[in-house]
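Here's the structure, in structure tokens; my notes come after.
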Amino acid sequence: MLDNPPDKAVLSIVSIVSIESVAPDASGAADNAVVCVVRCLEGTARSGMVFEHAGSEAVARTARPSFLLTGIEWYGRQVERLHTVHSGKVRFKGAGAEALTQRDVLSSRPLD
């Protein structure tokens, strides 16, 4: 029997309509929150997953920024998942979230 690999979702912010907001975390932490529109290219993105910014080779040699997916809106409804080929409005929280731009690709970390 084949082992089931951990869920992996890749979000490409290629289909971003706008970055609707970037704000400091309300708890006073160093994290920022960003709301943007993404298209799920692979796997299923779920609330609570942690995503890493692929970035350039220079970024790869240092710590990669990571972002917690804190919410997904799909056709005006709050949902827990965003499936492959679907687009939705998402909220990420993490240090460096203000640097996300169009065409950035985020890959999920394997689930524990």
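Residue numbers (the numbering used here): 71 to 182.
All residues carry an ideal CB built from backbone N, CA and C; glycine is no exception.
- Put simply, the backbone Cα of Gln-172 is about 22 Å away from that of Gly-118.
- DSSP places Glu-168 within a helical segment (H, G or I) once states are collapsed to three.
- For Arg-179, the CB contacts under 6 Å within the same chain, skipping 5 residues up- and downstream, are Val-120 in chain order.
- The C-alpha of Cys-110 is placed about 10 Å away from the C-alpha of Val-175.
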